[in-house]
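Please read the structure below before turning to the comments.
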Ligand SMILES: [Zn+2]
């Protein structure tokens with residue numbers, strides 16, 4: 001069984017001097033054919049499929065605004081739109097469903113949807129945070145429509161996946177975990193331990209201090225991801241992966257290296273093998289340095305295809321990591337993971 005991927009670079013979804021730009025994928029693109037994987041053609045999501053997550057009024061407003069008023073800025077992040085953004089966003093969400101359906105149908109072992117615009121900040125009733133539609137949430141709901149009873153999304157982009165959390169806040173069929181940088185003034189400001197006290201063990205937030213890196217993330221995977229998967233028992237795992245938790249990302253200050261991304265991917269792939277019959281779909285979120293995106297995606301493919309991590313990128317963080325022992329224990333205790 002093969003590893004498949006979709007590639008939706010959206011070259012016309014671009015805005016002057018914006019970090020979420022087509023060039024994010026420029027280093028990765030020529031490497032894509034060096035992995036032992038198969039490219040699938042993405043089909044655009046339908047308005048009805050987007051409507052599994054988003055208010056139909058938002059969908060029609062965004063269509064009108066893109067077609068008639070673009071280019072422009074639609075929220076303070078800033079989130080921009082161009083004339084093509086509505087169609088680009090439909091194709092990005094469709095790129096995720098193409099991957100997850102192939103995995104659910106058994107046509108592929110696992111998958112990686114490399115799409116933009118990203119999605120995890122987009123809430124059911126608003127586009128925000130460089131995101132138009134919540135690609136991973138549409139994929140997760142579509143998986144439920146396809147007959148899955150328990151779906152999990154783990155998000156290790158540097159930022160809190162507020163949109164995905166909002167989509168599934170009251171949906172017992174979907175579990176969500178976000179590990180992210182969390183401090184005053186850091187976008188989007190949500191994602192504290194106690195965001196969803198009604199949904200312990202199902203909505204899990206792992207707020208991390210600046211410079212948390214390879215060691216901290218490995219502890220988080222072993223001591224939080226693992227018991228979370230064990231307790232919810234998902235049938236498919238979606239991973240919102242953002243390469244902006246790399247230590248030299250231009251807009252964040254976490255501490256992962258490319259090798260740290262490999263370790264994380266390997267751990268979630270092995271959890272999927274143990275609990276989800278191997279069903280795992282990675283979805284690209286952020287990551288604003290093109291070299292980090294290429295190296296991180298390469299490491300993710302290495303884990304998906306069960307390859308050894310190739311070519312150590314030699315990019316360990318120069319910063320000392322904070323001790324997150326007590327933070328991790330606090331989170332475990334809050335959710336009763338022990
Ligand atoms: Zn991010």
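Residue numbers (our numbering): 1 to 338.
Glycine residues also receive a C-beta, built at the ideal position from the N, C-alpha and C atoms.
Model, not experiment: these values are computed from the prediction.
Nearest-angstrom Cα separation, counted from residue j out to residue i
i: residue 196; j: residue 289; result: 32 Å
i: residue 272; j: residue 110; result: 10 Å
i: residue 314; j: residue 259; result: 8 Å
i: residue 122; j: residue 49; result: 15 Å
i: residue 40; j: residue 57; result: 31 Å
i: residue 325; j: residue 173; result: 31 Å
i: residue 43; j: residue 124; result: 22 Å
i: residue 321; j: residue 276; result: 32 Å
i: residue 188; j: residue 129; result: 8 Å
i: residue 8; j: residue 87; result: 11 Å
i: residue 164; j: residue 171; result: 11 Å
i: residue 307; j: residue 35; result: 10 Å
i: residue 59; j: residue 75; result: 16 Å
i: residue 270; j: residue 309; result: 15 Å
i: residue 312; j: residue 51; result: 42 Å
i: residue 147; j: residue 333; result: 33 Å
i: residue 55; j: residue 186; result: 27 Å
i: residue 274; j: residue 106; result: 17 Å
i: residue 66; j: residue 15; result: 13 Å
i: residue 45; j: residue 323; result: 43 Å
i: residue 150; j: residue 33; result: 33 Å
Option in the options with minimal Cα separation from residue i
i: residue 346; options: 306, 310, 255, 280; result: Any property of residue 346 remains undetermined from this structure, which presents the chain solely from 1 to 338.
i: residue 152; options: 264, 83, 231; result: 231
i: residue 194; options: 185, 184, 205; result: 205
i: residue 21; options: 80, 7, 140, 229; result: 80
i: residue 83; options: 76, 64, 91; result: 64
i: residue 78; options: 17, 227, 23; result: 17
i: residue 90; options: 124, 47, 55, 107; result: 47
i: residue 369; options: 2, 320, 253, 316; result: Since the first residue shown for the chain is 1 and the last is 338, residue 369 is missing from the structure and cannot be characterised.
i: residue 294; options: 331, 59, 23, 126; result: 23
i: residue 19; options: 312, 309, 244; result: 244
i: residue 208; options: 331, 148, 274; result: 331
i: residue 145; options: 270, 76, 59, 100; result: 100
i: residue 242; options: 45, 178, 323, 106; result: 178
Integer-rounded CB distance, given that residue j should sit under 8 Å from residue i
i: residue 183; j: residue 210; result: 6 Å
i: residue 201; j: residue 335; result: 5 Å
i: residue 134; j: residue 53; result: 5 Å
i: residue 300; j: residue 261; result: 7 Å
i: residue 37; j: residue 305; result: 7 Å
i: residue 249; j: residue 292; result: 6 Å
i: residue 127; j: residue 62; result: 6 Å
i: residue 31; j: residue 218; result: Going by Cβ atoms, the distance from residue 31 to residue 218 rounds to 25 Å, so no, they are not a contact pair.
Within 8 Å, strictly: CB atoms of residue i and residue j
i: residue 236; j: residue 268; result: no
i: residue 191; j: residue 180; result: yes
i: residue 104; j: residue 143; result: yes
i: residue 5; j: residue 140; result: no
i: residue 246; j: residue 296; result: yes
i: residue 220; j: residue 328; result: yes
i: residue 13; j: residue 85; result: yes
i: residue 176; j: residue 132; result: no
i: residue 266; j: residue 212; result: no
i: residue 337; j: residue 224; result: yes
i: residue 108; j: residue 10; result: no
i: residue 345; j: residue 316; result: Residue numbering for the chain in the displayed model covers 1 to 338; residue 345 lies beyond these limits and cannot be assessed.
beta-carbon residue i near ligand 2 non-hydrogen atom, thresh 7 Å
i: residue 286; result: Only ligand 1 can be found as ligands here, which leaves ligand 2 out of the picture.
Minimum Cβ-Cβ distance from residue i to chain C less than 8 Å
i: residue 118; result: Annotation note: the requested chain C is absent from the structure, which comprises a single protein chain.
Looking at C-beta atoms only, is the number of pairs between the segment 278 to 293 and the segment 93 to 111 that lie closer than 8 Å three or more? yes
The segment 25 to 38 contacting the segment 67 to 74, beta-carbon criterion three pairs below 8 Å: no
Are the segment 116 to 133 and the segment 145 to 164 touching by the rule of at least three beta carbon pairs closer than 8 Å? With contact defined as three or more Cβ pairs closer than 8 Å, the segment 116 to 133 and the segment 145 to 164 are in contact.
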